[in-house]
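Student: The sequence shown begins at 55 in our numbering and counts up by one. Each residue gets a CB set at the ideal place from its N, CA and C atoms; glycine is no exception. Please read through the structure below; I'll follow up with questions.
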Amino acid sequence: MGNTFRHIQPWGPGAQSSGEYRTIEVGREWARLGRPGVDCYCQHDSGAAVLQLQFLINEGALVTACADDKLHLWNLRQKRPAVLHSLKFNRERITFCHLPFQSKWLYVGTERGNTHIVNVESFVLSGYVIMWNKAIELSTKTHPGPVVHLSDSPKDEGRLLIGFECGTVVQWDLRLKKADFRIYYDEAIHSVSWHHEGKQFMCSHSDGSLTTWHLRNTARPVQLTFPHGKTQRDGKKPESCKPILKVEFKTTRSSSEPFVIFSGGLSYDKAARRPTLTIMHGKAITVLEMDHPIVDFMVLCETPYPNEVQEPYAVVVLLEKDLIVLDLTQSSFPIFENPYPMDVHESPVTCTAYFADCPPDLIPVLYSMGAKHKKQGYSHKVRAWPV
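Written out as structure tokens, the structure is:
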């Protein structure tokens, strides 16, 4: 990376994460993005795809979870980042990881539905395992599927929310080693996002719906919405839509209405439409079409503390062949002008040439031609590039 980052070949990006000093990691074999002049690139020796990235925020370290079921702890403080520790899961496939802010415990969910806990300092398994058959009711014999979500409660980091693919959600008391509550829902879960007060959370589902759950009553959702579903005249449930693959639930001080941001969820009769990111704020719904499939997105907030009002100000959207940043502080959600090309499949430079004594009008023409092909956001001179 310099003004262009090194290319993630041949597969494309697979994950992203934010960390200290507002840097972003983009992973397949991962490259680090930042302001012009940043140059940092590393590759796993195995060449395995990167499934997930977790920053140790403000500690100069990064955890990568790879498709070969290995976890790696990277030291980013030294001039050339290097792997400090690696941990291999031999009998289980890694499906999800969660590292709470300022915690030394990394939670690792697996395809079998179990949750393991890794000590980040020593990078060894702690021996504390939340088995799937303990997390759900003992009388329930149906396997809940892989772990698709893990997060600590904003009110109490000693309570872990576990989301299973089949629609089951469990809040586990880590100290007492028992479940506080269990939710059984009939639609598969893709993601979960907490309200900062820790009293409610939102789930996205395979039928294009969003459910909001309140901890006072987990028997049924307090709200069920199909953001892009057509309302039936007879009052029946709206028609199913495409899965909502990820949702973020963020609060602001300036409004009682939170931001709800999600990818996917369009109705099936719009199958030919391009990939979309939807931003809901109050009654306003904005659907943003993307040029390429969405790999992941993340909301940049003013605070890293999950129990504070989040104050989101931008959304970073990782596409298969691009990376864009949307400004949430303006109602039109304009795109920041990228300070350098972001095409992750751009071919490597194989030849350069230098020409002296060029005609004085040549350079302005080259700049003019380049500007025609530049993606138009609004100038970062108005608002600084946030990454």
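Using three-state DSSP, classify Y182 as helix, strand or coil.
Tutor: Position 128 of the sequence shown holds residue 182. DSSP places Y182 in strand when its eight states are reduced to three.
Student: What does D227 pair with, by DSSP beta-bridge criteria?
Tutor: Position 173 of the sequence shown, counting from 1, holds the residue named residue 227. Its beta-bridge partners are R213 and K232.
Student: Closest by CA to L204, which one among K304, V246, I190 and L264?
Tutor: Looking up residue 204 in the sequence shown gives position 150. Residue V246 is the option with its Cα nearest to L204.
Student: Helix, strand or coil for D206 per DSSP?
Tutor: For the purposes of this step, residue 206 is taken as residue 152 along the sequence shown, with counting starting at 1. Correct three-state label for D206: strand.
Student: Check D376 in the structure and name its three-state DSSP category.
Tutor: One-based indexing of the sequence shown puts residue 376 at position 322. D376: strand per DSSP, three-state reduction.
Student: Pairs of beta-carbons, one from the region 247-261 and one from the region 188-198, closer than 8 Å: are there three or more?
Tutor: The answer is no - the region 188-198 does not touch the region 247-261, with fewer than three Cβ pairs under 8 Å.
Student: One question on the structure: do L153 and L110 come within less than 8 Å of each other, judged by their Cβ atoms?
Tutor: On the sequence shown, position 99 is the one that residue 153 refers to. On the sequence shown, position 56 is the one that residue 110 refers to. Yes, the pair counts as a contact, with Cβ atoms nearer than the cut-off.
Student: Which residue's Cα is closest to the Cα of I298: Q286, E311, E113 and L320?
Tutor: Residue mapping note: residue 298 aligns to position 244 of the sequence shown, counting from 1. For I298, the nearest C-alpha among the options comes from L320.
Student: Return the CA-CA distance between S386 and V314, expressed in angstroms with no decimal places.
Tutor: Position 332 of the sequence shown, counted from the start, is the residue given in the question as residue 386. Position 260 of the sequence shown, counted from the start, is the residue given in the question as residue 314. Going from the Cα of S386 to the Cα of V314 covers about 15 Å.
Student: For D44, report the span of its beta strand (DSSP E) as first-last.
Tutor: A query on residue 44 cannot be resolved here, the shown segment of the chain reaching from 55 to 441 and no further.
Student: Quick check on G424: does DSSP put it in helix, strand or coil?
Tutor: As a position in the sequence shown, residue 424 is number 370, starting the count at 1. DSSP places G424 in helix when its eight states are reduced to three.
Student: Check this for me: beta carbons of S317 and F351, under 8 Å apart or not?
Tutor: Sequence index remark: in the sequence shown, residue 317 carries index 263 (1-based). Sequence index remark: in the sequence shown, residue 351 carries index 297 (1-based). Yes, Cβ-Cβ distance for S317 and F351 is below 8 Å.
Student: Residues in the same chain with beta-carbon distance under 7 Å from K133, minus the five sequence neighbours each way, listed in chain order, please.
Tutor: On the sequence shown, residue 133 is found 79 positions in, with the first residue counted as 1. Within the same chain, K133 has no close Cβ partners at all.
Student: Please classify A115 as buried or exposed, where buried requires at least 16 other C-beta atoms within 10 Å of its C-beta.
Tutor: By 1-based counting over the sequence shown, the position of residue 115 is 61. It is buried - the Cβ of A115 has at least 16 other Cβ atoms within 10 Å.
Student: Counting beta carbon pairs with one atom in the region 206-219 and one in the region 228-235, are three or more of them shorter than 8 Å?
Tutor: Taking 8 Å as the limit for Cβ pairs, the verdict is that the region 206-219 does touch the region 228-235.
Student: Check each candidate in L138, C151, N112 and N129 and name the one with the smallest Cα separation from C120.
Tutor: In the sequence shown, residue 120 corresponds to position 66, counting from 1. Nearest C-alpha to C120: C151.
Student: If the criterion is Cβ atoms closer than 8 Å, does the pair I184 and V162 meet it?
Tutor: Taking the sequence shown and counting its residues from 1, the one referred to as residue 184 is at position 130. Taking the sequence shown and counting its residues from 1, the one referred to as residue 162 is at position 108. No, the pair does not count as a contact, with Cβ atoms beyond the cut-off.
Student: Where V371 and D411 are concerned, what is the direct C-alpha to C-alpha distance, given to the nearest angstrom?
Tutor: Here residue 371 refers to the residue found at position 317 when the sequence shown is read from its first residue. Here residue 411 refers to the residue found at position 357 when the sequence shown is read from its first residue. Going from the Cα of V371 to the Cα of D411 covers about 42 Å.
Student: Based on Cα-Cα distance, which residue from L127, V224, L192 and K290 lies nearest to T169?
Tutor: Your numbering for residue 169 matches position 115 in the sequence shown. With distances taken between Cα atoms, T169 lies closest to V224.
Student: So, under 8 Å CB-CB, P312 and K300 are touching, yes? Tell me the CB distance rounded to an integer number of Å.
Tutor: Counted from its first residue, the sequence shown places residue 312 at position 258. Counted from its first residue, the sequence shown places residue 300 at position 246. Actually they do not touch by this definition, with Cβ atoms about 16 Å apart.
Student: For P454, which beta-bridge partners are listed by DSSP?
Tutor: Since the first residue shown for the chain is 55 and the last is 441, residue 454 is missing from the structure and cannot be characterised.
Student: Which residue's Cα is closest to the Cα of D206: T164, F177, I243 and G252?
Tutor: For the purposes of this step, residue 206 is taken as residue 152 along the sequence shown, with counting starting at 1. Among T164, F177, I243 and G252, the Cα nearest to that of D206 belongs to G252.
Student: Which partner residues does K142 have in the DSSP bridge list?
Tutor: The residue you call residue 142 lines up with position 88 of the sequence shown. In the DSSP output, where bridge partners are listed per residue, K142 has K124.
Student: When you compare the CB of S309 with every CB in chain D, is at least one pair closer than 8 Å?
Tutor: The structure shown contains no chain D; it holds only a single protein chain.
Student: Alpha carbon to alpha carbon, how far is G424 from G336?
Tutor: On the sequence shown, residue 424 is found 370 positions in, with the first residue counted as 1. On the sequence shown, residue 336 is found 282 positions in, with the first residue counted as 1. Between G424 and G336, the C-alpha separation is close to 40 Å.
Student: If you draw a straight line from the C-alpha of W128 to the C-alpha of P358, how long is it?
Tutor: As a first step, residue 128 is located in the sequence shown; it is residue number 74 there, counting from the start. As a first step, residue 358 is located in the sequence shown; it is residue number 304 there, counting from the start. Those two C-alpha atoms are separated by around 21 Å.
Student: Do P414 and Q155 come within 8 Å of each other at the CB atom, strictly closer than that value?
Tutor: The residue labelled residue 155 in the question sits at position 101 within the sequence shown. The residue labelled residue 414 in the question sits at position 360 within the sequence shown. One detail in the question is off: residue 155 reads as Phe in this sequence, not Gln. No; because the gap between Cβ atoms is not below 8 Å, this pair is not in contact.
Student: What span of residues does the beta strand (DSSP E) with N173 cover, start to end?
Tutor: Your numbering for residue 173 matches position 119 in the sequence shown. Unbroken beta strand (DSSP E) run through N173: T169 to N173.
Student: Could you give the first and the last residue of the continuous beta strand (DSSP E) run that contains C257?
Tutor: Position 203 of the sequence shown, counting from 1, holds the residue named residue 257. Element bounds for C257: Q254 to H259.
Student: Here's the rule I'm using: 16 or more other beta-carbon atoms within 10 Å means buried, otherwise exposed. How should Y263 be labelled?
Tutor: Position 209 of the sequence shown, counting from 1, holds the residue named residue 263. Per the sequence presented here, residue 263 reads as Ser, with Tyr not at that position. With 16 or more Cβ atoms within 10 Å of its Cβ, S263 is classed as buried.
Student: In angstroms, rounded to a whole number, what distance separates the CA positions of A368 and C355?
Tutor: One-based indexing of the sequence shown puts residue 368 at position 314. One-based indexing of the sequence shown puts residue 355 at position 301. Roughly 7 Å separates the two Cα atoms.
Student: Of the residues K291, Q277 and S258, which one's Cα is nearest the Cα of G283?
Tutor: Here residue 283 refers to the residue found at position 229 when the sequence shown is read from its first residue. Per the Cα distances, K291.
Student: If you run the structure through DSSP and keep just helix, strand and coil, what is V419?
Tutor: The count along the sequence shown starts at 1 and reaches residue 419 at position 365. Residue state, collapsed to three classes: helix.
Student: Judging by CA-CA distance, which residue of Q364, I378 and I339 is the nearest neighbour of P347?
Tutor: Position 293 of the sequence shown, counting from 1, holds the residue named residue 347. Ranking Q364, I378 and I339 by Cα distance to P347 puts I378 first.
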